[in-house]
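Please read the structure below before turning to the comments.
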Amino acid sequence: MKSFGDWEEKSLTELENRLIHAMEALDEEVVMECACKLQKGILTFYQIQVPLNEGMKRVGKLFEAGEYFIADLMFSGILYNQVIQLYAMEDEEILKENCITVMMAVTQNDIHDIGKDIIASILRAEGFRIIDLGVDVGIEEIIKNIKKYEPAVLILSGTMSYSIDEMKHIIEMLSQENLRDKVEVLIGGTSVNDNGSIDVGADACSIEPMETVMFCRKVMVEKGA
Amino acid sequence: MKKVTIQPGNKTIAVQEGQRLYNLFIQAKIPVDTPCGGRGKCGKCNVYIQSETKLGWYQSCQITVTEDMQVSLKEPESGLKVLEKGHQRDWDPRSWLSQTEGVYVLAYDIGTTTVVGFLMEASTGKVVAVKSGLNPQHAIAADVISRCEYACKVNIQDLTLPIRDLVNEIAQETAKEAGISPNQIRLVSIVGNTSMHHLYLGINPNTLLKVPYQPAVYEGMMLKAYNYQLLINSEAKLIVLPNIAGFVGADTAAVLLNEEFDCLKELTLMLDIGTNGELVLGNAHRLLACSTAAGPAFEGANIQFGMRGTIGAIQKAAIIETQITFDVIGGGVAQGICGSGLIDLVAVLLEIGMIRSDGRIEKPDKLTHPIALHYRDRITKKEGQTVIILYPQEDGQKEIYLGQKDIRQIQLAKAAIHTGIKLLCKKMGVSTDEIVQLRLAGAFGAHIDISNACRIGLIPWNLQDKTVSIGNAAGEGAKLAALSQGEYDRCVDMVKQVEFLELAADQEFQQQYFQNLNFV
Chain X
11 MKSFGDWEEK SLTELENRLI HAMEALDEEV VMECACKLQK GILTFYQIQV PLNEGMKRVG
71 KLFEAGEYFI ADLMFSGILY NQVIQLYAME DEEILKENCI TVMMAVTQND IHDIGKDIIA
131 SILRAEGFRI IDLGVDVGIE EIIKNIKKYE PAVLILSGTM SYSIDEMKHI IEMLSQENLR
191 DKVEVLIGGT SVNDNGSIDV GADACSIEPM ETVMFCRKVM VEKGA
Chain E
1287 MKKVTIQPGN KTIAVQEGQR LYNLFIQAKI PVDTPCGGRG KCGKCNVYIQ SETKLGWYQS
1347 CQITVTEDMQ VSLKEPESGL KVLEKGHQRD WDPRSWLSQT EGVYVLAYDI GTTTVVGFLM
1407 EASTGKVVAV KSGLNPQHAI AADVISRCEY ACKVNIQDLT LPIRDLVNEI AQETAKEAGI
1467 SPNQIRLVSI VGNTSMHHLY LGINPNTLLK VPYQPAVYEG MMLKAYNYQL LINSEAKLIV
1527 LPNIAGFVGA DTAAVLLNEE FDCLKELTLM LDIGTNGELV LGNAHRLLAC STAAGPAFEG
1587 ANIQFGMRGT IGAIQKAAII ETQITFDVIG GGVAQGICGS GLIDLVAVLL EIGMIRSDGR
1647 IEKPDKLTHP IALHYRDRIT KKEGQTVIIL YPQEDGQKEI YLGQKDIRQI QLAKAAIHTG
1707 IKLLCKKMGV STDEIVQLRL AGAFGAHIDI SNACRIGLIP WNLQDKTVSI GNAAGEGAKL
1767 AALSQGEYDR CVDMVKQVEF LELAADQEFQ QQYFQNLNFV
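Which chain is which? The protein sequence lines are X and E, in order.
To convert, count from 1 in the first sequence and add 10; that's our numbering.
To convert, count from 1 in the second sequence and add 1286; that's our numbering.
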């Protein structure tokens, strides 16, 4: 970060705080106003993630409390992408770096895909490249596609209570195939919620949609920065 | 002085002429539900009056005693409301039995929660005894999926034997009540959802848990009752109605039979709302069915103060003058809210702007409706969640509130049903306007307020005036199948005609579903 005098430091913090609050309130106008100012040589693409993430975290909390609903989550993704586009206008590399691949699948013998699709919509809105394998996806299918697309993140979703066992098998198979180190695995869906923190060897387990989104963004920043 | 005789109890009270009947009840401490405080607005204090000048239901708060009268109160509600009544119709006289005199048949509706058995005279169809009981499988799990998983992973017998025991128990009890020998029962019919069907018969339900979620057995069956621990006539038959699809079972088949979908000329929609909503759209020419995961919100699950429709449940909510008033089953202290109450409540709160059309609870400082302003202080926070207090904590009354998350659950549930209706119509190539009648089956359908159900978007607006409640049509269908082989055959034929629409596989489902989440 560039060095600033006392006054500038203060106004920077203020600006970041305004961005956080505007993101939380899903106030498009103020988000873009703050982001425009911050983008002009003050914060790098990776630095602006901090206030953006804080704002998104708060959106997630509001969703958990029921205040925000599905459409609000999707809108937050759209806002995020608008900020990315600001940076991309000056540096197209940003888009490529930001564009990690996320593979998603609903595990075998389950076709409940609303949750997966909500996450996919938000991630797409944010600019992630999504490979959606769909529903009722078998282990072989997942392994085959991981080899083909080499995603940075694999998201497994399951609603049926036996889905958690299926996830465990998939992760075991990834290890056998020496793919486990190459991909971050996140599990989610009601199956995961109901089974609490059952250890199936995943890198993260998500109860709330925003946790999944934040996880992907964390992986993205780690890979890019 | 005039004499007023009150039933039940056969109590006769001498009354001064000109006294209000309603005041008499209050003085005599006779429980009559009066949410409007005797202003003639709610119709809850209705009583059945027989006198020289009157015969029928009257609001007791509007009646002055001027003559001797016989007054019957509504039956006090007790325990879980089990819907036993449907609309009995004529049936095809081809009986299963060569001889029907002195012979009885038993029809069962095996529900996830309750089991009802109807004992009938085989020759006349007259119901001579009805018994119901709670499904003992509840001890293992409340929902069907968990029960099926238990059956596959642990042991199906733990689920099969208790339900067979209950069914036999009901057979013995009804026989006893009717004063007949169990040996006189020559035939039993069974309907239930696919899970109950499989678990009762002892069929492994694993295919219900796996894509594409199909029953292991679709076909209707004629079995021997003695193989199913039914201690009735050793020659007795056990008739099982056919299943339609994975989550559209023999109970829905029985509804189709009772409602004679094979004879309907006009486009009719049948809706049965439970944890799963089962929908059938069509007429004699074509039948389309789907099931939609409404979730158990309307059964009170996943709702902070949700409960089933038992004593203490808020079953109705309405605005009366400037107050939101509640009707609590049994009339006593409120314990929670059941499905019909939730629908009313959300509709009322939408009406006065305490809930916004996107489902959020409005900020207290943004309320404008005069009634909402009156309840402004009821909007508060509980553990980070915005809630609306329905009953503040007082002596003998626990605090009851409706939370923001509860409203979200209702949105998810109502959107699922609404989307199911829309997609069935689309598949049929019609608009919801073209539906001539909506028939609501089951207990929930019998108790909900239709205009409020439309207000919250559970049912499309244009069906509001076309809706009828058909009660326990599944139970009625089971009765018909027990009385008549002709009716059973009709049911089998109808089920063969039904096309099943898998909503989850429908590309449009999600998009429509998201669109339907808001209240309109």
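Positions of the beta carbon are idealized from the N, C-alpha and C atoms, including for glycine.
{"query": "Compile a chain-ordered list of the residues in the stretch 74-104 of chain X whose CB is closer than 9 Å to at least one CB of chain E.", "result": "E74, A75, G76, E77, Y78, F79, I80, A81, D82 and M84"}
{"query": "Considering Cα atoms alone, identify which of L1550/E, Q1423/E and A1620/E is closest to D1681/E.", "result": "A1620/E"}
{"query": "With burial defined as no fewer than 16 other Cβ atoms inside 10 Å of the residue's Cβ, what is the status of G1670/E: buried or exposed?", "result": "exposed"}
{"query": "Could I get the ranges of all uninterrupted beta strand (DSSP E) runs contained in the stretch 144-203 of chain X, with 3 residues as the minimum, in chain order?", "result": "163-167 and 194-198"}
{"query": "Comparing alpha-carbon positions, which option in A1579/E, T1578/E, A1393/E and M1406/E lies nearest I1525/E?", "result": "A1393/E"}
{"query": "By a C-beta neighbour count over all protein chains shown, 10 Å radius and 16 as the cutoff for buried, is Q1683/E buried or exposed?", "result": "exposed"}
{"query": "Applying the criterion that 16 or more other CB atoms from any shown protein chain within 10 Å of the CB defines a buried residue, is Q1697/E buried or exposed?", "result": "buried"}
{"query": "Select from L1487/E, K1417/E, V1541/E and S1381/E the residue whose C-alpha is nearest the C-alpha of T1400/E.", "result": "K1417/E"}
{"query": "So is Q1500/E in contact with chain X if we call contact Cβ pairs under 7 Å?", "result": "no"}
{"query": "What three-state label does DSSP hand W1343/E in the structure shown?", "result": "strand"}
{"query": "Go through its chain and collect everything with a Cβ distance to W1382/E's Cβ below 6 Å, but skip five positions before and after it.", "result": "L1473 and Q1771"}
{"query": "Helix, strand or coil, according to DSSP, for Y1512/E in the structure here?", "result": "helix"}
{"query": "Ignore the nearest five residues each way along the sequence and tell me which others in Y1504/E's own chain have a CB closer than 7 Å to its CB.", "result": "P1528 and N1529"}
{"query": "Taking 8 Å as the cut-off, does the stretch 1569-1582 of chain E touch the stretch 1597-1604 of chain E (at least 3 CB pairs, one atom from each stretch)?", "result": "no"}
{"query": "Run down chain X in chain order and give the residues with a C-beta less than 7 Å from the C-beta of K1496/E.", "result": "N119"}
{"query": "Residues of the stretch 163-195 of chain X with a CB closer than 8 Å to any CB of chain E: list them in chain order, please.", "result": "M170, S171 and Y172"}
{"query": "May I have the straight-line CA-CA distance separating K1367/E from Y1308/E, to the nearest angstrom?", "result": "Low confidence applies to K1367/E: its pLDDT is 48, below 50, so where it sits in the model is not reliable enough to give any reading."}
{"query": "Please confirm whether D127/X has its beta-carbon closer than 7 Å to some beta-carbon of chain E.", "result": "yes"}
{"query": "Let me check one thing: in DSSP terms, what residues is Y1390/E bridge-paired to?", "result": "E1407/E and I1471/E"}
{"query": "Taking N1544/E and E1762/E to be in contact with their CB atoms under 8 Å, please state how far apart those CB atoms are, rounded to whole angstroms.", "result": "4 Å"}
{"query": "In the stretch 1566-1593 of chain E, which residues sit with their C-beta less than 9 Å from some C-beta in chain X, listed in chain order?", "result": "A1579"}
{"query": "Between the Cα of G1397/E and those of H1483/E, G1622/E, C1549/E and W1377/E, spot the shortest distance and give me the residue it belongs to.", "result": "H1483/E"}
{"query": "Can you tell me which of V1430/E, C1331/E and Q1443/E puts its alpha carbon nearest to the alpha carbon of S1481/E?", "result": "V1430/E"}
{"query": "DSSP state of A1314/E, grouped into three classes?", "result": "coil"}
{"query": "Pull up the DSSP beta-bridge partners for D1688/E, would you.", "result": "According to the sequence displayed, residue 1688/E carries Leu and not Asp. L1688/E pairs with I1674/E."}
{"query": "Exposed or buried, which one is S21/X when buried takes at least 16 other CB atoms within 10 Å?", "result": "exposed"}
{"query": "Around the C-beta of P1362/E, are 16 or more other C-beta atoms found within 10 angstroms, so that it is buried, or is it exposed?", "result": "With a pLDDT of 42 at P1362/E, under the threshold of 50, the modelled position of that residue is not reliable, and the figure given next carries that caveat. Exposed: under 16 other Cβ atoms inside 10 Å."}
{"query": "Start and end of the beta strand (DSSP E) containing V1290/E?", "result": "K1288 to Q1293"}
{"query": "For S1643/E, which residues in chain X fall below 8 Å Cβ to Cβ?", "result": "Near S1643/E there are no residues of chain X at all, since even the closest Cβ is about 12 Å away, more than 8 Å."}
{"query": "Under 8 Å, with one C-beta from each stretch per pair, do the stretch 1546-1557 of chain E and the stretch 1720-1727 of chain E reach the 3-pair mark?", "result": "yes"}
{"query": "Is it buried or exposed for K1649/E, if we count other Cβ within 10 angstroms and need 16 for buried?", "result": "exposed"}
{"query": "Under 7 Å between beta-carbons, which chain E residues line up against D146/X? List them in chain order, please.", "result": "V1497"}
{"query": "Starting from T1672/E, find everything on chain X with Cβ-Cβ shorter than 9 Å and list it in chain order.", "result": "A75, G76 and E77"}
{"query": "Determine, using beta carbons only, whether R1725/E comes closer than 7 Å to chain X.", "result": "no"}
{"query": "Take I1745/E as the anchor and find which of G1757/E, T1493/E and G1731/E has the nearest alpha-carbon.", "result": "G1731/E"}
{"query": "Please give the ranges of any alpha helix (DSSP H) in the stretch 1440-1494 of chain E, keeping only runs that are unbroken, at least 4 residues long and fully inside the region.", "result": "1443-1464 and 1480-1487"}
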